[in-house]
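Notes to accompany the following structure.
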Amino acid sequence: MCTCDLEAQQTWTNNVWRPGDKAAPAPQDPHLDQIYRPEVLETIEKRINELSDELRTLSLDIHAHPELGFEEYYAHDAYTTFMKKHGWDVQEHYHLETAWVATFEHGQGGRVIGVNSEMDALKGIGHACGHNLIGIAGVAVSLGLSAGLKAHNIPGKIVLLGTPAEEGGDGKVALLEKGAYKGMDVCLMCHPAPGPIGSVSLSSCLALERITVDYKGHTAHAALSPWEGRNALDAAVLGYNNISALRQQLKPTHRVHGIFEGTDWATNIIPDKARYMCYVRAPIRSEMQETVKRVLPCFQAAGLATGCEVKVDHIGQAFDLRQNKALGDEVANIILNKYGSIDYEWGIKSASTDFGTISYALPSLHPGFSIPTVPDGGNHTRDFAKSAATIAAHKQCLVVSIALAGTGLRVLTDDTFFAQVKKAYEEDEEIRRCKQGQ
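Under our numbering, the letters of the sequence shown match residues 881 to 1318, in that order.
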């Protein structure tokens, strides 16, 4: 496992930040608020930094044992053991086989902060989206905030959810439907990405629908009597090409992409079964749904042209990310006053996450945090998996964890701020309804 510091090889892709550049120091903005309850934030920061070695060991352990969605048994046991060791109430196999929840409560009558730790890796390339860092960030936020509550006698409850299958499995959506987020006043998490070192991103991300298309044809000898067959692979390829033609007329902010799978394929047999797995993405849910309507005829036309049966299954949706403005402003205030810079363009802006659906259900925040990467080594590459194991990435993970814990602190203790959080959620919900024509 490579744990070398890649900071000297960092890169960015917006034609502004060049290899070797670092984020400029945050300007001294006279309009920035002062740090809210700095003595409590200092306690949070101290506790998270004290836990740094333990958290890094946990991160590297998860990184060395990558598991696919709904198969995160090693990660489930590693995290639950860790949280039990720190005295939290832990429930294993929470609603889903590899999900878990750890809770901490101090005093009575306080609000509830939800936190998420992701666990799954990617097929063939391991933790190439940095979920080992996301996992320990959830732990760091929770343990740092709980230290602040205990030391300063602040009432409140923290609920840390271990969420499986973010990569294509919509694990959080399943947990939401089963009631795992019930009772939370806000929910917080974060995500690593390439970007200017020292920067935190508050960008949104794309809504997503996952579609599986099965084509059924008829086998035949590919040379002796191909006219007897109906080629399911040809149907899948035509569907793919139809979408390629459609893509020219889609907005540049929309994404349609996919792969083929086959059963019992052989070179000398006309394939009678083929599957095309397709993702459709757009900046907001309503736009995504409209694009899905344009994509579906591409599949049907391919079946008509080849004489194959077509079966379309809508596997699941993840909504766009609704970054709560009040929560984001507090993270920005902490970062700008103490640690680095804030951005609204990079992060996971053109990717998707099942946390987007959570952000529709309750006030939520999901900032990105930059880690050093190599050229062309962004998320979902083997190089990013290496970057996610570096000490520089670990340090950036702790910084954003401190900022998130400080934001959770303000939710628990500042009634005016919490009212602003709820107002921001309600106003955003109204804007979304208008955009979606509801």
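Note that beta-carbon positions come from the ideal geometry of N, C-alpha and C, so glycine has one too.
| Asked | Found |
| --- | --- |
| Straight-line gap, Glu1225 to Arg991 (C-alpha atoms, nearest Å) | 32 Å |
| Euclidean distance between Cα positions of Leu1328 and Tyr1159 | In the structure as shown, the chain begins at 881 and stops at 1318. Residue 1328 is therefore absent and cannot be evaluated. |
| Of the residues Arg1165, Ile1195, His1101 and Ala955, the one placed nearest Thr1147, counting alpha carbons only | His1101 |
| Which residues DSSP lists as bridging Phe1249, in chain order | Pro1072 and Val1080 |
| Which residues DSSP lists as bridging Asn1111, in chain order | Its beta-bridge partners do not exist; DSSP assigns none. |
| Enclosing alpha helix (DSSP H) for Ile1214 [first to last residue] | Lys1205 to Lys1218 |
| Through-space distance from Ile1139 to Gly1097, alpha-carbon basis | 19 Å |
| C-alpha distance - Lys965 paired with Tyr959, whole-angstrom precision | 10 Å |
| Reduced DSSP category for Ala982 - H, G, I as helix; E, B as strand; rest coil | strand |
| Neighbourhood of Glu1141 by C-beta, 7 Å cutoff - its chain only, sequence neighbours within 5 removed | Arg1155 and Met1157 |
| The stretch 1068-1087 contacting the stretch 1212-1227, beta-carbon criterion three pairs below 8 Å | yes |
| Secondary structure, beta strand (DSSP E): runs of 3+ residues fully inside the stretch 1126-1183 | 1135-1142 and 1153-1162 |
| Buried versus exposed, by CB contacts within 10 Å (16 or more), Ala866 | In this structure the chain extends from 881 to 1318, so residue 866 is not present and cannot be described. |
| Close Cβ partners of Tyr916 (< 6 Å) along its chain, the five nearest in sequence each way excluded | Arg1290 |
| Endpoints, alpha helix (DSSP H) assigned at Ala1020 | His1011 to His1032 |
| Top-ranked residue by Cα proximity to Ile1228, from Ala1116, Ser1084, Ala1045 and Glu1189 | Ser1084 |
| Terminal residues of the beta strand (DSSP E) in which Gln914 lies | No beta strand (DSSP E) contains Gln914, which DSSP labels as neither H nor E. |
| Outcome for His1134 when other beta-carbon atoms lying within 10 angstroms are tallied against a minimum of 16 | buried |
| Three-state class that DSSP yields for Asp1193 in the structure shown | strand |
| Given Ile1123 as reference, the closest of Ala1115, Ala1112, Leu1113 and Val1136 once Cα atoms are compared | Val1136 |
| His1098 (DSSP reduced to helix, strand or coil) | strand |
| Neighbourhood of Tyr954 by C-beta distance below 7 Å, restricted to the same chain and skipping five residues each side | His945 and Glu947 |
| Short Cβ contact (8 Å threshold) for Thr1233 with His1246 | yes |
| Gly1036, enclosing beta strand (DSSP E) - first and last residue | Gly1036 to Thr1043 |
| Simplified DSSP state of Asp1263, which is helix, strand or coil | helix |
| Nearest residue (CA-CA) to Ile1238, options Lys1266, Asp969, Gly1024 and Ala1054 | Ala1054 |
| Anticipated Cβ contact below 8 Å, His1071 with His1007, distance rounded | The Cβ separation is near 13 Å, so there is no contact. |
| Endpoints, the alpha helix (DSSP H) within which Ile1282 is located | Ile1271 to Thr1293 |
| Length of the line joining the Cα atoms of Leu1184 and Met999 | 42 Å |
| For Leu1207 and Val1066, believed in contact at Cβ under 8 Å, the rounded distance | 6 Å |
| Three-state secondary structure (DSSP) of Gly949 | coil |
| Residue span of the alpha helix (DSSP H) that contains Gly1324, given as start and end | What is shown of the chain runs 881 to 1318, which leaves residue 1324 out entirely. |
| Cβ pair count under 8 Å reaching 3, the stretch 1195-1214 against the stretch 1041-1056 | yes |
| Per-residue DSSP class, three states only, for Ser997 | strand |
| Residue(s) in a DSSP beta bridge with Ser1221 | Ser1079 |
| Beta-carbon proximity list for Ala1322, same chain, < 7 Å, skipping 5 on both sides | Nothing can be reported for residue 1322, as the shown portion of the chain is limited to 881 through 1318. |
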